[in-house]
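In the UniProt record's numbering, the protein residues as written are 1 to 148.
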């Protein structure tokens, strides 16, 4: 798109000739086709694969077996009940007024206290790197003191 300088005041202003609207079709009675040039080939390939899947009895049998196995596991599977500890997460935390005055940011429920991530891999790696750097620093410090 190009822009034109329209004289509006001493400085002039730059205005776009269009507002990035798609161009209207040459013949308004024809529908616009926004498909990519190779979409017909892609659709033909997908339809070919679908036909192969529809007419392959082993695939249909595998899908039927899988469905039966899922249904069987849902019907015969044992129901796991949640323990009281898991359900107690919504209980409010009892904080004294003095503690709230000293530190206003307090947990309101047990769910806010529970530690979600116990093993933070990135933190462990950072701690290991710091430990290695401190060991290297100690080793280089002992070498410099012995070389004097």
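Backbone N, C-alpha and C define an ideal beta-carbon position, used for all residues, glycine too.
Collapsed DSSP secondary structure at residue i in the structure displayed
i, result
"residue 15", "strand"
"residue 92", "strand"
Own chain partners of residue i with C-beta closer than 7 angstroms, once the 5 adjacent residues on each side are dropped
i, result
"residue 107", "93 and 113"
"residue 91", "109 and 110"
"residue 52", "none"
"residue 100", "106"
"residue 74", "none"
"residue 148", "Here the model assigns residue 148 a pLDDT of 49, short of 50, so the residue's position is not dependable and the matter cannot be decided."
Check: residue i C-beta below 8 angstroms from any heavy atom of the ligand ADP
i, result
"residue 63", "Ligands are entirely absent from the displayed structure, and the ligand ADP is therefore not among its contents."
Beta-carbon proximity check, residue i vs residue j, cutoff 9 angstroms
i, j, result
"residue 46", "residue 54", "no"
Alpha-carbon spacing of residue i relative to residue j, whole angstroms
i, j, result
"residue 132", "residue 39", "56 angstroms"
"residue 140", "residue 95", "50 angstroms"
"residue 56", "residue 77", "31 angstroms"
"residue 71", "residue 62", "14 angstroms"
"residue 36", "residue 49", "20 angstroms"
"residue 137", "residue 124", "20 angstroms"
"residue 120", "residue 103", "27 angstroms"
Own chain residues within Cβ distance below 6 angstroms of residue i, not counting five before or after
i, result
"residue 129", "none"
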